[in-house]
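What the sequence shown shows, in the working numbering, is residues 73 to 352, in sequence order.
One structure below.
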Amino acid sequence: MLVTTDWLATHLQDTDLVVLCVAEDDRFYSAGHIPGGRLIRLSEIVTTRDGIPNQLPTVDRLQRVFESAGVSNGSRIILYGERSGVLAARAYFTLDYLGLADRAALLDGGIEKWRAEGRPQSTDIPRIAMSNLRMHVRPEIVVDTPHMAEYSHTMSAATRAVLIDARPPLEYTGEKLSEDLHQAGHIPSAKNLYWRELLQDMEIPELRPLPELRNRFEAAGASPGREVITYCRTGMQSSFDYFIAKYLGYSPRMYVGSFYEWTRAPRSVESSAGRPVSVP
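Structural data, given as structure tokens:
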């Protein structure tokens with residue numbers, strides 16, 4: 073699930089290798105990408121549905137996106153991209169949803185580390201042959217709002233699931249309002265594990281050592297054997313926590329609608345003191 077820049081430099085010429093650069097637009101990619109890398113735009117793997125951003129598009133649409141990038145069932149997929157790995161993690165979650173993540177990995181440190189090491193970059197756009205993918209869709213890794221409400225209301229120390237909020241601490245506590253939301257706080261019973269705290273450095277976004285990652289998840293209540301459900305504001309930051317949870321050996325799921333969808337209806341939230349906040 074994770075490869076180093078040394079590994080990638082050694083395997084760049086492998087015939088089964090597909091390097092995907094996940095970006096909001098062409099500028100990040102055209103400024104210089106890993107040789108042979110192919111662009112996946114964020115808008116191709118997310119959609120707005122019923123006013124809720126960053127939802128999963130239809131399986132047919134996602135299949136066409138990855139086929140157009142030349143991904144086959146035998147490809148070794150390496151992901152990197154904008155926002156210190158968040159977009160790459162969202163692409164990983166998407167591939168996992170499609171049943172294609174067993175041969176996918178994130179580039180530890182991203183192109184930031186690649187550049188810092190003085191490794192080659194390219195502005196060439198590779199010619200890509202359309203592939204033919206077989207999907208093995210896994211809808212069970214997606215949690216909807218009704219099920220999230222059930223988890224939230226029945227949570228206890230003995231409950232198998234733990235809800236992980238990947239947003240910045242001040243947004244989790246309710247001291248700061250998340251962008252485009254009218255209500256502050258977090259889903260009742262959720263624990264905070266800010267995705268950036270899983271990185272050693274934001275300039276070179278390498279993951280913390282494995283024992284540190286495990287300790288942070290366990291401190292948030294994700295003891296071995298418990299189910300992990302991640303969420304954030306709109307299902308982007310939580311993709312990173314989802315990836316790390318799976319990397320650590322959990323079987324995670326994600327509430328894609330996240331706090332954006334949760335607060336669109338009169339549902340309770342908690343403040344920093346753990347007290348319910350009245351719903352307007």
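We put the CB at the ideal spot given by N, CA and C, even for glycine.
To the nearest angstrom, report how far apart residue i and residue j are at their CA atoms.
| i | j | result |
| --- | --- | --- |
| Ser-340 | Leu-320 | 31 Å |
| Met-220 | Pro-260 | 10 Å |
| Ser-203 | Pro-296 | 39 Å |
| Ala-292 | Ile-236 | 7 Å |
| His-83 | Leu-249 | 44 Å |
| Leu-89 | Ala-256 | 44 Å |
| Glu-299 | His-225 | 16 Å |
| Trp-267 | Arg-110 | 26 Å |
| Tyr-314 | Phe-289 | 11 Å |
| Thr-302 | Val-215 | 9 Å |
| Asp-252 | Ala-163 | 23 Å |
| Lys-318 | Pro-324 | 6 Å |
| Ala-238 | Thr-87 | 36 Å |
| Thr-245 | Glu-212 | 29 Å |
| Leu-242 | Val-94 | 28 Å |
| Thr-335 | Trp-79 | 43 Å |
| Thr-76 | Ser-344 | 38 Å |
| Ala-294 | Ala-161 | 20 Å |
| Gly-307 | Ile-117 | 12 Å |
DSSP state of residue i, grouped into three classes?
| i | result |
| --- | --- |
| Val-118 | coil |
| Val-137 | helix |
| Ala-229 | A caution first: Ala-229 carries a pLDDT of 49, below 50, which makes its placement in the model unreliable, though a value can still be read off. Three-state DSSP puts Ala-229 in coil, outside helix and strand. |
| Ala-256 | coil |
| His-208 | coil |
| Asp-132 | helix |
| Glu-275 | coil |
| Val-351 | The predicted position of Val-351 is uncertain, since its pLDDT is 40 and thus under 50; no value can be drawn from it. |
| Glu-395 | Look at the range of the chain in this structure, 73 to 352, and you will see that residue 395 is not part of it. |
| Ile-213 | helix |
Thinking just about the alpha-carbon of each residue, which of the options is nearest to the one in residue i?
| i | options | result |
| --- | --- | --- |
| Gly-171 | Ile-200, Arg-99 and Val-209 | Val-209 |
| Arg-113 | Asp-252, Thr-166 and Tyr-332 | Thr-166 |
| Asn-264 | Glu-247, Pro-240, Asp-252 and Glu-284 | Pro-240 |
| Ser-310 | Phe-331, Gly-293 and Pro-296 | Phe-331 |
| Pro-129 | Thr-335, Gly-329, Arg-336 and Glu-342 | Gly-329 |
| Glu-284 | Gln-272, Pro-277 and Thr-335 | Gln-272 |
| Pro-218 | Ala-337, Arg-286 and Glu-342 | Ala-337 |
| Pro-198 | Gly-246, Gly-142 and His-258 | Gly-142 |
| Leu-179 | Tyr-169, Ser-156 and Ile-200 | Ser-156 |
| Glu-333 | Gln-127, Gly-181, Leu-151 and Arg-280 | Gln-127 |
| Ile-183 | Tyr-327, Ala-81, Tyr-322 and Met-73 | Ala-81 |
| Phe-100 | Tyr-322, Gln-85 and Glu-154 | Glu-154 |
Let's see if you can read the secondary structure: which residues bound the alpha helix (DSSP H) around residue i?
| i | result |
| --- | --- |
| Tyr-266 | Looking at the DSSP string, Tyr-266 is not in any alpha helix (DSSP H), and its letter there is neither H nor E. |
| Asp-98 | 98 to 102 |
| Glu-222 | 217 to 226 |
| Arg-187 | 182 to 188 |
| Leu-179 | Where Leu-179 is concerned, there is no enclosing alpha helix (DSSP H), although the beta strand (DSSP E) it sits in stretches over 176 to 179. |
| Leu-80 | 77 to 83 |
| Gln-309 | 309 to 319 |
| Ser-330 | 330 to 334 |
Identify the continuous beta strand (DSSP E) that holds residue i and give its terminal residues.
| i | result |
| --- | --- |
| Arg-288 | Where Arg-288 is concerned, there is no enclosing beta strand (DSSP E), although the alpha helix (DSSP H) it sits in stretches over 282 to 291. |
| Val-158 | It is not in any beta strand (DSSP E) - Val-158 instead sits in the alpha helix (DSSP H) that spans 158 to 169. |
| Tyr-327 | 325 to 327 |
| Pro-65 | Here the chain covers residues 73 to 352 and nothing more, so residue 65 does not appear. |
| Ile-301 | 299 to 303 |
| Leu-92 | 89 to 95 |
| Leu-242 | Per DSSP, Leu-242 belongs to no beta strand (DSSP E); it is in the alpha helix (DSSP H), 241 to 245. |
| Tyr-152 | 148 to 153 |
| His-112 | Just to set this straight, residue 112 is Ile in the shown sequence, not His. Segment 110 to 113, the beta strand (DSSP E) holding Ile-112. |
Is the region 183 to 195 touching the region 125 to 135, taking contact as three or more C-beta pairs under 8 Å? no
Is the region 174 to 193 touching the region 100 to 109 in the sense that three or more CB pairs, one from each, lie closer than 8 Å? yes
Would you check if the region 118 to 126 and the region 142 to 151 touch, i.e. whether three or more CB-CB distances between them fall below 8 Å? no
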